[in-house]
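One rule links them: number in my numbering = place in the sequence shown (from 1) + 10.
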Amino acid sequence: MSSSPARAQAIPPEGEPVDRVVALFSGADNAAAAEDEDWSASLLAVRGVAARVREMQKRARDSVREAQRAVRDADAAARAAEDRARHAEATMREAVARAERAEEQTRLAAERADRAEARATEAHMWLRRMHECMVSEFGALAAEPTRP
């Protein structure tokens, strides 16, 4: 800031302190005398801007921390979801293996039932032939009366 009267900086009488600071450093020439300048108001404006900058920096740091926390939470949630998916896949593989074993057991049981049915049919036919043979061989004896 120059304090020479030839290069006096104009401070707008109204407006925000930021506007006043900008006007001080913009290099605009004005006919206002140096004694009309309000240096304490300029210092207050600079302090106000500095406070705003510090507040914005604090908010930015808070935002960064919150974003980092959100990223950590998202990573943890993704890992948990991957763990659940792996567990579900393992459970599904186990269920498929059990189903395959059950199907094999069912197939074996059906084969045993078919063999048992075939044996039962064969036994039934053998018994029928045995009955027919007995009737044909001993039927005549049963029809004749016994003599004393």
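Ideal Cβ positions, reconstructed from N, Cα and C, are used throughout, including at glycine.
Using 10 angstroms around the beta-carbon of A88, count the other beta-carbons present and answer buried if the total reaches 16, otherwise exposed.
-> exposed
Classify D93 as helix, strand or coil using the three-state DSSP reduction.
-> helix
Could you name the residues of the same chain whose beta carbon sits closer than 8 angstroms to that of R94, not counting the 5 residues immediately before and after it, in chain order?
-> none
Beta carbon of A61: closer than 6 angstroms to some heavy atom of the ligand GTP?
-> For the structure depicted, the ligand GTP is absent and the ligand set is empty, with no information on it obtainable.
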